[in-house]
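This report concerns only the one structure given below.
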Amino acid sequence: MKTSSVLLSFTLVLSSAAFAEPMCEVKICNKLERFTIHPTSMIKDHFGKSCYETSMPKSEAIVGKKLSSNSRWYQGSFNPTKKSVTRIKSVGKCG
């Protein structure tokens, strides 16, 4: 019983530290990234791009940063046969 209460209190301390960090407004975009010289493929890839705005900790809000699949903000691929990359496009105000 004592071990579980120590573990719980340790988890609460770690999670409360994450909330103390200032948050920034960011624009995150997910798109296919591949090398192609075919014009129609370039156009298809460009229109397959999707973006959304969210908030994330200031330490992680770096323009151009590629998010891994472990990131909470990673969007993933809408087509499993093509490589999809999620990047931070812009960082707004931090508070």
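The sequence shown runs 15 to 109 under this note's numbering.
Note that beta-carbon positions come from the ideal geometry of N, C-alpha and C, so glycine has one too.
How many Å lie between LYS122 and SER98 at the Cα? Because residue 122 is not part of the residues shown, which for the chain are 15 to 109, the question remains open.
DSSP state of LYS103 mapped onto helix, strand, coil: Position 89 of the sequence shown, counted from the first residue, corresponds to residue 103. Looking at LYS103 - three-state DSSP - the assignment turns out to be strand.
Outcome for ALA11 when other beta-carbon atoms lying within 10 angstroms are tallied against a minimum of 16: The structure shown has nothing for residue 11, since the chain only spans 15 to 109.
Looking only at its chain, what residues have a beta carbon closer than 8 Å to the beta carbon of LYS107, apart from the 5 residues adjacent to it on each side? One-based indexing of the sequence shown puts residue 107 at position 93. Correct list, in chain order: CYS38 and GLU39.
With a 10 Å radius around its C-beta and 16 neighbouring C-beta atoms as the bar for buried, classify MET70 as buried or exposed. Here residue 70 corresponds to residue number 56 of the sequence shown, with the count starting at 1. The residue is buried, with at least 16 neighbouring Cβ atoms inside 10 Å.
Which residues in the same chain as VAL105 place their Cβ atom closer than 6 Å to its Cβ, once the five residues preceding and following it in sequence are excluded? Within the sequence shown, numbered from 1, the residue matching residue 105 stands at position 91. Answer for VAL105: CYS38, VAL40, ALA75 and VAL77, listed in chain order.
Excluding the five sequence neighbours on either side, which residues of its own chain have a C-beta within less than 7 Å of the C-beta of GLU47, listed in chain order? Mapped onto the sequence shown, residue 47 falls at position 33. Counting only Cβ-Cβ distances below 7 Å, and skipping sequence neighbours, we find LYS97 and VAL99.
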